[in-house]
Each structure stands twice: as C-alpha cells, then as structure tokens.
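All the letters of the sequence shown, read from the start, carry residue numbers 1 to 235 under full-length UniProt numbering.
Written below as structure tokens is the structure these notes are about.
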Amino acid sequence: MNNLRTVSDTKRTFYNLHTRPINTIYRRVVEELMVEMHLLSVKVDCSYDPIYALGVITAFDRFMEGYQPERDKESIFNALLRSVEEDPQRYKHDAQRLQALATSISASELTAWLSQQTPLNRDADFQGSLQAIANNPKFKYSRLFAIGLFSLLEYSEPELVKDEKKRNEALKTIANGLKISDDKLNKDLEIYYSNIEKMSQALTAMSDMVLADRKKREQRAQQSNTKVAPPKANE
1 MNNLRTVSDT KRTFYNLHTR PINTIYRRVV EELMVEMHLL SVKVDCSYDP IYALGVITAF
61 DRFMEGYQPE RDKESIFNAL LRSVEEDPQR YKHDAQRLQA LATSISASEL TAWLSQQTPL
121 NRDADFQGSL QAIANNPKFK YSRLFAIGLF SLLEYSEPEL VKDEKKRNEA LKTIANGLKI
181 SDDKLNKDLE IYYSNIEKMS QALTAMSDMV LADRKKREQR AQQSNTKVAP PKANE
C-alpha cells in the first residue's frame, strides 16, 4: 500500500492549519512554494540542510513582503512548514545561525569556506553539512538551496552580489567546491531575481489601482456634497 503524501494532502493540511483567507496576489506564491517543498520532501534520498532552510526563509520573506495583515504571515509560514512535516522553529533557528555566521566574515572567507577550499573552525555542524553535500553524489540540489547560497553571500557582503562579475565568480567557485552545477545555480537565481521584480511590479500596480479607486470615490463624494441647489421658481 502506497502511503506517500500527495500534493493534495499537503495543501489540505496547510489550509486546515491556516484558516484565514490569503490575499489573492500572494496565494499563488504560497502554493508554488508549498508544492516545491512538498516535491522535495517526498524524495527518499532528500535530507535536510541549513542552507536549504535559509533559502526557504529568504524566499518566503521576499515574496511575502508587504503582506497584510502582517500578523497573518507567521501563521502562513508555520502552516507552510508543518504541511510538509517540517519544524518551523528549526528552520528559523538555522537561518538565523547562518545569517550570523555570514555577517561575521568576509565574502572571500565565506566563499572559501562554502567551496571547501579553506574550512573555518567556526561551526562544526555547518562544516559537517558542507562536507556531506560535497561528498554526496546523490545530493538533491534545489532552487531553494540556490537562494540560500545567494543569501549567505548577500549577508556577508551586500555590494558583492550587486556586481554581476564578482557574484558569478563566487557562485562558480562555491558550485565547483560543492560539486553542483554552476550553470543550474545561475539560471535558478536569474529566475529568482526576475520573479522578485515581477512580484514588486504586481504589488506596485495593485497599490496604484487601490489609490486610483480611492481618489475616484473621494471625488464622487466631493461632487455630491458640492452640488448647487436648484434655483427657486420666480414668484
């Protein structure tokens, strides 16, 4: 008997945990992220790693930026992780841990560490994770893992990721060290940048539409209040 969870199972769990409506423009983002995480979670040889966790956190925060009501974001995130049978607190803890590590060293040190050229004696667990990735020919690379790697560089040196040449050089070095495809890594990140831009444009367009509609209502109300009373009939 096949007891493998289906996408429908995951979605059902999510909406049982988060029962409030999700704003239309964000619903697609949440469900696409949910499906992506589900497909990874049901793979037999897929294992958790903190870089992936950072990627999940980063993607969620970037794509859910501006969500209203703000208080619902926590509920959505927790339901998202629990729907794929993961622990939200573990993801948050590891993401914060890697963020602190990345901000404490230079981009060149981070690149050398991630690529396994010069391991640092800073975090034994993370060092073990990097070695496990590099030594695992069946490592399940994903777009969310790519976002995690990018986020580490961004936390370490924000200016570096803005320089396309330096960013690509760093990513290629890291990819080679971890034995993953730098071509796939760059393509996934290009799609990520593009999707963030599209989301930003969609939010701006939605905001403009709301403001325009509000102005029209205010103008109609003002016109209604300033109508001149009809002249009195001549006596």
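Just so you know, even glycine gets a beta-carbon here, dropped at the ideal spot from N, CA and C.
For residue i, the three-state DSSP class (helix, strand or coil)
i: residue 66; result: coil
i: residue 158; result: helix
i: residue 172; result: helix
i: residue 91; result: helix
i: residue 6; result: coil
i: residue 18; result: coil
i: residue 197; result: helix
i: residue 109; result: helix
i: residue 52; result: helix
Span separating the alpha-carbon of residue i from that of residue j
i: residue 98; j: residue 222; result: 55 Å
i: residue 59; j: residue 154; result: 13 Å
i: residue 15; j: residue 8; result: 11 Å
Cut-off 7 Å between Cβ atoms - residues of its own chain near residue i, not counting five sequence neighbours on either side
i: residue 166; result: 160
i: residue 67; result: 23, 26, 73
i: residue 168; result: 186
i: residue 111; result: 170, 173, 174
i: residue 140; result: 40, 43, 45, 46
6 Å CB neighbourhood of residue i in its chain, flanking five on each side removed
i: residue 55; result: 144, 145, 147, 148
i: residue 179; result: 134
With 16 other Cβ atoms within 10 Å as the buried cut-off, status of residue i
i: residue 45; result: exposed
i: residue 24; result: exposed
i: residue 19; result: exposed
i: residue 83; result: buried
i: residue 191; result: exposed
i: residue 13; result: buried
Exercise. Are the region 77 to 88 and the region 105 to 115 in contact at 8 Å, needing three or more beta carbon pairs?
Worked result: In short, these stretches do not touch, since the Cβ pair count stays below three.
For this session: Mind the definition here: the region 124 to 142 touches the region 37 to 52 only if three or more C-beta pairs lie below 8 Å; say whether that holds.
Result: Yes, the region 124 to 142 touches the region 37 to 52.
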